[in-house]
Every structure is written in C-alpha cells, then in structure tokens.
Amino acid sequence: MHKSATEQACAEAFLVGLLSLLEAMFNGPIELALKKLSLSKSIISAILKKEGSVGAYLQLAIVSENGDWQEALTMATTLKISKDDLIKVNSTSLLWANKQMAILHID
C-alpha cells in the first residue's frame with residue numbers, strides 16, 4: 001500500500017519525535033545512537049539541528065513540552081497551525097504518552 005505525502009510526513013514527524021529521545025534513553029550522545037540506525041539525512045538533520053519542516057515541528061513540540069505557550073503559539077502560526085489545533089495535538093500527545101507510561105507501569 002502506497003502512503004500519501006501527508007501520511008509519509010506524519011510518520012516521519014512521529015519517528016523524529018521518538019528518536020529525539022534517544023540520548024535520554026541510552027544515556028549517551030545522540031549522534032552515536034543515530035549512526036547505528038539507517039536514517040535519511042532529513043531525519044538526522046531534524047533531530048540534531050532542528051532543521052527542515054520536520055525539525056520545525058520537533059522544535060514546536062519541545063517548546064510546548066517546556067510550557068512556553070507564547071513561543072509555541074508564535075511557532076504554530078508560522079507553521080500554519082491554529083491555536084485550536086495546537087491545543088488538540090498537545091492534548092492528544094499527552095493522552096498517548098500517559099497511556100504508554102501506564103502500559104509500561106511508569107509513574
């Protein structure tokens with residue numbers, strides 16, 4: 001089954017978000033972990049330098065997680081994301097993360 005460009009971009013953004021946490025998971029430089037994986041240059045650039053469209057979404061996620069809502073709204077506007085969509089995505093993300101933590105029995 002062939003994915004649409006939107007589905008591909010969403011999958012890539014999700015992967016970048018997960019892989020951006022490698023440094024914390026492996027307690028070592030993220031560059032070393034990324035070298036062991038076969039990833040596109042755009043994914044590596046998004047993770048390491050927050051570059052490209054996916055890098056911008058990653059930066060928005062980081063700013064949102066840090067609670068800098070003014071900066072998040074500014075970034076969302078630049079990315080053509082409405083305030084309502086930003087709130088919805090953040091809520092959905094938190095619910096997903098909480099569900100995963102519950103499955104893993106992590107408080």
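Everything in the sequence shown is counted per this note's numbering, starting at 1 for the first residue and increasing by one.
For each residue, glycine too, the CB sits at the ideal point set by N, CA and C.
C-alpha gap between residue i and residue j, whole angstroms
i    : j   : result
G67  : D85 : 16 Å
L62  : A33 : Rather than Leu, the amino acid found at residue 62 in this sequence is Ile. So the two alpha carbons sit approximately 20 Å from each other.
I103 : V89 : 21 Å
E71  : S38 : 33 Å
S82  : E7  : 20 Å
K80  : A9  : 15 Å
T74  : I87 : 13 Å
Outcome for residue i when other beta-carbon atoms lying within 10 angstroms are tallied against a minimum of 16
i    : result
E12  : buried
I106 : exposed
A46  : buried
A97  : exposed
G55  : buried
S64  : buried
L94  : exposed
L21  : exposed
L48  : exposed
Residue span of the alpha helix (DSSP H) that contains residue i, given as start and end
i   : result
D84 : K83 to I103
I30 : I30 to K35
K49 : K41 to K49
G55 : G52 to E65
Selection from the options that minimises the alpha carbon distance to residue i
i   : options               : result
A76 : S53, G17 and T92      : S53
S42 : L58, N27, G28 and P29 : L58
L40 : L19, T78 and T92      : Note on identity: in this sequence residue 40 is Ser, with Leu being the wrong assignment. Out of L19, T78 and T92, L19 has the C-alpha closest to the C-alpha of S40.
Residue-level contact to chain D via CB, residue i, 7 Å cutoff
i   : result
D85 : The structure shown contains no chain D, having only a single protein chain.
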